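Have a look at the structure below before the remarks.
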C-alpha cells in the first residue's frame, strides 16, 4: 500500500492479474510481463509511461516497511482488511482496477455490515449555518431510521452530518484521506474519537500518511462506492463534494442534492446537479430514504397543507359564500344574483352556512362571520 | 360579461356556437337549442344542470346594464377588448370554452404586443424576505432583458415582481380578480397607478366587481395563458400560485420554480413541483429566459467557479506540489519518493514550482510558500 498511489489503476490491474506477491515480484525485478504491458497498451488510447511508474514504485518499495506499518497500525488499535476478508465491503469491487488494495479500519463497528444500509452525506467545508443545520438534521433522522451515515470527517457539512448521526441509533463512518491515526482537521479530534467508539474510521493509507489534495480526490471514490447513495447538502459550483457526486454517478449509485437559497453560492453546485437532472432534489431525510431505500417500502409522504373546511362545501354553497360581503350586509336576492343561483337554493345554502358558522345575519342582511381569512 | 361567471365553460361554448347575440337570445327566451343541449350532454360524463344555470343567467341578465358598464369603464379611462380585436392576445384561444368573453384594460401599454415576450412571476402573498428579494431581482432582470412581467398584483411575490419590473425597461401587466378600477389590496394602490402608467391592468370583470375566492382562481388561468411561461418564486404546498402553475402545465406553457431553504414552508410547493419534474428548477432570471426564450438564443451561462492556477499544472508537477510539506521542509529525494517520481523529474518540477511561486527553499529543504489554500 506504500508502493503505489491510492487508486493507481495500473497497479490495480497488475495486482488483479498476478496477485499482490506477483505484482511486487515484477516491481522488484524491475520490469513487467510483456503480455501485461501489451494488454495494457491495447486497453487505452494513450499508454501510461510504465517505465516512469515502475521506477516510482521501485523507489518506494525500497523504503517500504510493511511489517512496521502493520505493527504500528495494530499498536494504535487499527486493523487492516483486504479483498476477500469477511469484513470487506464487496461493493468496492465496482471500482474495478481502482479498488483499494486494502483498508485500515479504526473503530468498533463492522464495516461491511454497517454499509448495508448506508448513505453518504457530503458538502462544503465552508458551509453556511443553513447547510450545517440541514446536514445535522439529515444525519440525525437517517441514523434514527437505521441508516448509517458515511462522510469524510471534514469541517462543515461532513462534521455536521457525523455529529447528527451520532445522536441517533445507527453507526457513522468517516473515510479519511490521511492515516486513520491522524486527526485532520485537528479540530475534529473529539469527533473522530466518538466515531471510533460508535462507528468506524476508514482509510486506505497506512498510519502517519499526511492528507494531500490528490488523496482527498481519490478518497471521495470510496465514500461514493461504500454507500447506496450520496446526498450533497451544500456545494459551490467548484467543490470536492461534486467530485464525490461524480463518482456516485459513475458508480450508478443514487445521487441526491438539497436545494437552498438561490442567493447562496454554497447551494449553486446542488442546484446545477438538480437542473442537469444528475441529482434528485431532496428536502428531507425521508425523501433520501425513499430514494436509496428498497423499492416499495421507505416511501416518503407527500407534503400536505392543512385542508381548509371550505373544501368540504359543495359548489353552490361555496358560490353563495363567495357572494356574501365581508362587511355591511346584503339581502338574499342580491346574493343569489351574484352567485348565479335561484333564490331558493341561495336561502338553503345561507342556512347551512350560518349553521356552519361561516355567515351571520346582520342589520343590513347577510355578511361573513368574523374572523375569516380573506382569500 | 355580467350574465355568466368568468370561465363559465358552458356559456363559453354557447357563445362560440351562436355568438354573443345568439347566446343571449337563447338566455332571454329561457331555453337553449336542443341540438346544443344534446351535443353538450354528449361531450361530458355528468351533464351540467342547465335549467339551474339558465335561471341564474336570466336572473343576472335582467339586472345587467352593459351600456352603463361601458360608460362607467370609459369614464374611468379603461377600454374593453373582445376576441377579434387588434389588441386581443390570440394565445387566450388556448383556453377553449373558458376563454374570456372580453377583457377590460386600464393602462397605456398594448396588451397583445406586451405579451409577445412575457413571463408570469407568481407566488405566495405571505412571502418571506428571501422570496420578495428573489421576485424583485427576477422582475428587474427580466424587464431589463426586455421581457414583460405578468402577475396578479397581490401582496408578497406578485407585488415584488411588479415593482422589480418597473425598475427595468419593459412593460409589466397586472391581471386582477376584481374590476380594473378597484385597488385590491388597497395597499397596492400606488403600484397599480404605476402599472397603468408603465404597463396595463387587466380584468375580465366590469368596473366595481369585488374580488372573490372563485374569481382569484379563474383569474389565474389568464396569467398562465397570457405568458410564455410561469415562474413560481415561493409557494406553500397549498397556495394559489400552484393553481396558476397547474393552468400553465395544462396549457403547455413553460413552468419553472425557484428553490429555497428546505426549512422554509414557503418553498415546499416549489420543491414539490421540481421533485415531480412538473417545473424546471431555475436560480436566475437568465435561466428563466433560457427556458421561455426562443430555442437557441437566450442561453444562460453555466455557473463557473474561479479556475485555480493549480489546474494549469501537469500531473507530475501537481504530484510534486502535493508532496511538498506546508511547514518545516523536506529534501528532494523524500519528495520524489512521496510523489512516486524519479529524482530528475522531481527536481525539474520543483524548479518550475519555485519559479511559479508555489514552493520555496527553506533551511530544512523545500516547503509550500505561504499563503496557500489548504485543499
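Protein chains in written order, with this note's numbering: chain A, 1 to 375; chain B, 376 to 750. Glycine included, every Cβ here is placed at the ideal spot set by N, Cα and C. Predicted model only: the values in this text are computed from it and were never measured.
In this chain, the beta strand (DSSP E) harbouring residue 605 of chain B covers 604-607. Looking at B/566, B/665 and B/613, the one whose alpha-carbon comes closest to that of residue 494 of chain B is B/665. Secondary-structure assignment with DSSP links residue 272 of chain A through no beta bridge to anything. When the five nearest sequence neighbours on each side are left out, the beta carbons in the same chain lying within less than 8 Å of the beta carbon of residue 23 of chain A are those of 11, 14, 15 and 17, in order along the chain. At least one CB atom of chain B sits nearer than 9 Å to the CB of residue 271 of chain A. DSSP, reduced to helix, strand and coil, places residue 104 of chain A within a strand of the structure shown. Shortest Cα-Cα distance from residue 271 of chain A to any of A/240, A/234 and A/361 involves A/234. Listed in chain order, the non-local C-beta contacts of residue 472 of chain B below 7 Å within the same chain comprise 384, 387, 388 and 391, local neighbours out to five positions each way being set aside. Note: residue 735 of chain B is bridge-paired with B/742 in the DSSP secondary-structure output. Cβ proximity to chain A below 7 Å picks out 633, 634, 635 and 636 from the region 614-636 of chain B. In this structure, the straight-line span from the alpha carbon of residue 92 of chain A to that of residue 515 of chain B is close to 50 Å.
Looking at B/615, B/614 and B/652, the one whose alpha-carbon comes closest to that of residue 629 of chain B is B/652.
At a cut-off of 9 Å between beta-carbon atoms, residue 446 of chain B makes no contact with chain A.
Around the beta carbon of residue 117 of chain A, a 10 Å sphere encloses 16 or more other beta carbons of the protein chains shown; the residue is thus reported as buried. Restricting attention to A/199, A/27 and A/2, the CA atom closest to the CA of residue 110 of chain A is found in A/199. 336, 337, 339, 340, 341, 342 and 345: these are the residues of the region 326-360 of chain A whose beta carbon lies less than 8 Å from some beta carbon of chain B, given in chain order. With a threshold of 9 Å between beta carbons, residue 130 of chain A makes contact with chain B. Going by DSSP, residue 540 of chain B is part of no beta strand (DSSP E) but of the alpha helix (DSSP H) stretching over 532-541. For residue 173 of chain A, the enclosing beta strand (DSSP E) stretches over residues 172-175.
Comparing C-alpha distances from residue 350 of chain A to each of A/262, A/332 and A/340 shows the shortest one belongs to A/332.
Contact between the region 631-651 of chain B and the region 129-147 of chain A is present: three or more C-beta pairs spanning the two stretches fall below 8 Å. In chain B, no part has a C-beta under 8 Å from the C-beta of residue 10 of chain A; the shortest such distance is about 11 Å.
In the DSSP assignment, residue 254 of chain A falls within the unbroken beta strand (DSSP E) covering 254-257. Excluding five sequence positions before and after residue 439 of chain B, the CB atoms of its chain that fall closer than 7 Å to its own CB belong to 377 and 378, given in chain order. Across the set B/698, B/459 and B/447, the C-alpha of B/698 shows the shortest separation from the C-alpha of residue 215 of chain A. Listed along chain B are 715, each with a C-beta nearer than 7 Å to that of residue 5 of chain A. Going by DSSP, residue 214 of chain A is part of no beta strand (DSSP E) but of the alpha helix (DSSP H) stretching over 213-226. At a beta-carbon threshold of 8 Å, the residues of chain A lying near residue 656 of chain B are 259, 271, 274, 275 and 281, ordered along the chain.
Contact between the region 204-219 of chain A and the region 163-179 of chain A is present: three or more C-beta pairs spanning the two stretches fall below 8 Å.
Judged by beta-carbon spacing, residue 259 of chain A lies within the 9 Å limit of residue 283 of chain A, meaning their Cβ atoms are closer than that value. By the Cβ neighbour-count rule, residue 461 of chain B is exposed, with fewer than 16 other Cβ atoms within 10 Å of its own. Beyond the five residues adjoining it in sequence on each side, residue 72 of chain A comes within less than 6 Å, by CB distance, of 207 in the same chain, given in chain order. Taking every protein chain shown into account, the CB of residue 428 of chain B has 16 or more other CB atoms within 10 angstroms, so this residue is buried. Look at residue 600 of chain B: its C-beta is not under 9 Å from any C-beta on chain A. In this structure, the straight-line span from the alpha carbon of residue 167 of chain A to that of residue 152 of chain A is close to 18 Å. Looking at the DSSP output, residue 120 of chain A shares a beta bridge with A/150 and A/230.
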